[in-house]
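Please read the structure below before turning to the comments.
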Amino acid sequence: MRLPDILVYADIHHLSRIAQEYDLQVNLHSKNDLLQSLLQQIFNPHEMKERLERLTPAERSFLLLLLAEERKGYTLEELTHRAKLVVQSDSEGRKVLMKGGIGEESIVEKILRYGWVYNRKERNVSIYRIPEDLKEMLVASIIPRFQETSGQMGFSVKKVRTERFEVPNGQQIPMSIHDLFRFLRFVKEEWVQLTLDGVIHKRLQGILFRQLSTGESPLTERGWRFGYGRRFRDYPDLFSLLYDYAFARGWIEEKPGVLLLSESGNRLLAGEEQVTPKDLFAFWVSLYRRPIPNLPSLLSLIKLLTKEGFWEEELYRQLEPFISPFYYDNKEKIFQKRVLAPLLWMEGLEVIRREGIQMLRLSSLWGRWYG
Numbered sequence: 021m022r023l024p025d026i027l028v029y030a031d032i033h034h035l036s037r038i039a040q041e042y043d044l045q046v047n048l049h050s051k052n053d054l055l056q057s058l059l060q061q062i063f064n065p066h067e068m069k070e071r072l073e074r075l076t077p078a079e080r081s082f083l084l085l086l087l088a089e090e091r092k093g094y095t096l097e098e099l100t101h102r103a104k105l106v107v108q109s110d111s112e113g114r115k116v117l118m119k120g121g122i123g124e125e126s127i128v129e130k131i132l133r134y135g136w137v138y139n140r141k142e143r144n145v146s147i148y149r150i151p152e153d154l155k156e157m158l159v160a161s162i163i164p165r166f167q168e169t170s171g172q173m174g175f176s177v178k179k180v181r182t183e184r185f186e187v188p189n190g191q192q193i194p195m196s197i198h199d200l201f202r203f204l205r206f207v208k209e210e211w212v213q214l215t216l217d218g219v220i221h222k223r224l225q226g227i228l229f230r231q232l233s234t235g236e237s238p239l240t241e242r243g244w245r246f247g248y249g250r251r252f253r254d255y256p257d258l259f260s261l262l263y264d265y266a267f268a269r270g271w272i273e274e275k276p277g278v279l280l281l282s283e284s285g286n287r288l289l290a291g292e293e294q295v296t297p298k299d300l301f302a303f304w305v306s307l308y309r310r311p312i313p314n315l316p317s318l319l320s321l322i323k324l325l326t327k328e329g330f331w332e333e334e335l336y337r338q339l340e341p342f343i344s345p346f347y348y349d350n351k352e353k354i355f356q357k358r359v360l361a362p363l364l365w366m367e368g369l370e371v372i373r374r375e376g377i378q379m380l381r382l383s384s385l386w387g388r389w390y391g
């Protein structure tokens, strides 16, 4: 719904609080006068810019998440939960401090007072939402603020190889799916020996990995590796995701001492079965959501922020409040290795350079395959 429609049904006490926040000199007993005054004030670009500048980092992160998520509405509990995430976020070892106090309730209350979120009873439950037209205006106002910051954190995003492998039907698909077909073809054509633990021998791993776009090498140290899939402890990050996906879909079979292509895998190579990048993407989100519970929210933020290109440093800064460490994976490592690397491999994001600065941009494949 648009703001004029929502204001008609909005609670008069809420509208009065908004009027007081904007210091409107209006007859509060005349709802029509009140609505007209609120519309003019809330849609005033100068006023919106000033209020965005007053937001603390925590409040801005909260608003940004609401703008990014493609939801019809929230319960009060859902709003409070999102505000709690930014309140609890740790930045350089310190709690995020807000002027005027700290607490998720104060964040939600400020956004309500600004007239950016409204609630309406639906089946006896209060549902909070940002009006569609107001959401568009807020996005157009807030995104350029982040782009004023340049520079990098020293992130090193490894670019994948770009050779395409012939796949059935000649579809335009990302490198991750090309790698899937390379892997399945390798299993079909080679005698892929397994160790007693069911792991591909290192020598064969080296031969296989040189055919893939990931640029990975066999693991040299076991260390701690768990939480990101069935074979994450045995293979490097992206290949373990690819292997687990192929195994889960039944295209490969682990037999004593050897890895074989299944009947379903043979049909896939022959073009008798289909695979879509969207299915691999969904598998990744499902698998990594266990150690990264807010992964869907992170993806919503990435989609919103990188449409025209976004500084890597600033992207991390905006996502950081919604990332929690996972054992020995700190926030930065999760951002780089568990979120960015798979997205680049699946070509949902692409690396560009603008004015000598490396940036990330949403690719055309995102809209086609990842929605």
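Sequence positions in the sequence shown follow our numbering and run 21 to 391. Glycine is no exception: its CB is placed at the ideal position from the N, C-alpha and C atoms. These numbers were taken from a predicted model, which means no experiment stands behind them.
>> Threshold first: 4 residues or longer. Then list the alpha helix (DSSP H) segments lying entirely within the segment 240-307, N to C.
In response: 257-268, 283-289
> Near residue 25, what residues of its chain come up, given a Cβ to Cβ distance below 7 Å and the 5 sequence neighbours on each side ignored?
Replying inline: none
>> Measuring only the C-alpha atoms, how far is residue 263 from residue 269?
In response: 10 Å
> To which residues of the same chain is residue 311 closer than 7 Å at the C-beta, ignoring the five residues directly before and after it?
Replying inline: 247, 248, 346
>> Per DSSP, what are the beta-bridge partners of residue 197 in this structure?
In response: Note: residue 197 sits in no beta bridge, so no partner.
> Below 8 Å, can you find three or more Cβ-Cβ pairs linking the segment 84-93 to the segment 308-324?
Replying inline: yes
>> If you reduce the DSSP assignment to three classes, tell me which class residue 137 lands in.
In response: coil
>> Could you tell me the alpha carbon to alpha carbon distance between residue 73 and residue 255, rounded to whole angstroms?
In response: In this structure, the alpha-carbon of residue 73 lies about 46 Å from that of residue 255.
> Near residue 369, what residues of its chain come up, given a Cβ to Cβ distance below 8 Å and the 5 sequence neighbours on each side ignored?
Replying inline: 322, 326, 360, 363, 380, 381, 382, 383, 386
>> On the DSSP bridge list, what partners appear for residue 330?
In response: 380
> residue 251 and residue 245: beta carbons closer than 7 Å?
Replying inline: no
> With respect to the beta strand (DSSP E) encompassing residue 372, which residues constitute its N-terminal and C-terminal limits?
Replying inline: Per DSSP, the continuous beta strand (DSSP E) segment holding residue 372 begins and ends at 369-374.
>> Nearest by alpha-carbon distance to residue 54: which of 21, 99, 135 is it?
In response: 135
>> Among 335, 130, 29, 195, whose alpha-carbon lies nearest the alpha-carbon of residue 235?
In response: 195
> To which residues does DSSP link residue 213 through a beta bridge?
Replying inline: 278
>> Give me the residue from 336, 29, 366, 367 with the minimum Cα distance to residue 352.
In response: 336
> So what does DSSP say about residue 46, is it helix, strand or coil?
Replying inline: Looking at residue 46 - three-state DSSP - the assignment turns out to be coil, as it is neither helix nor strand.
> Of all the options 267, 215, 229, which has the alpha carbon lying nearest to the alpha carbon of residue 396?
Replying inline: The requested residue 396 does not occur in the structure, where the chain is confined to residues 21 to 391.
> Since residue 295 contacts residue 288 with CB under 8 Å, what's their CB separation in whole angstroms?
Replying inline: 6 Å
> Within this structure, are the beta carbons of residue 154 and residue 23 separated by less than 7 Å?
Replying inline: yes
> Under 7 Å, do residue 61 and residue 42 count as touching if we go by C-beta distance?
Replying inline: yes
>> Can you tell me whether residue 219 is helix, strand or coil according to DSSP?
In response: coil
> Secondary structure at residue 146, three-state DSSP: helix, strand or coil?
Replying inline: strand
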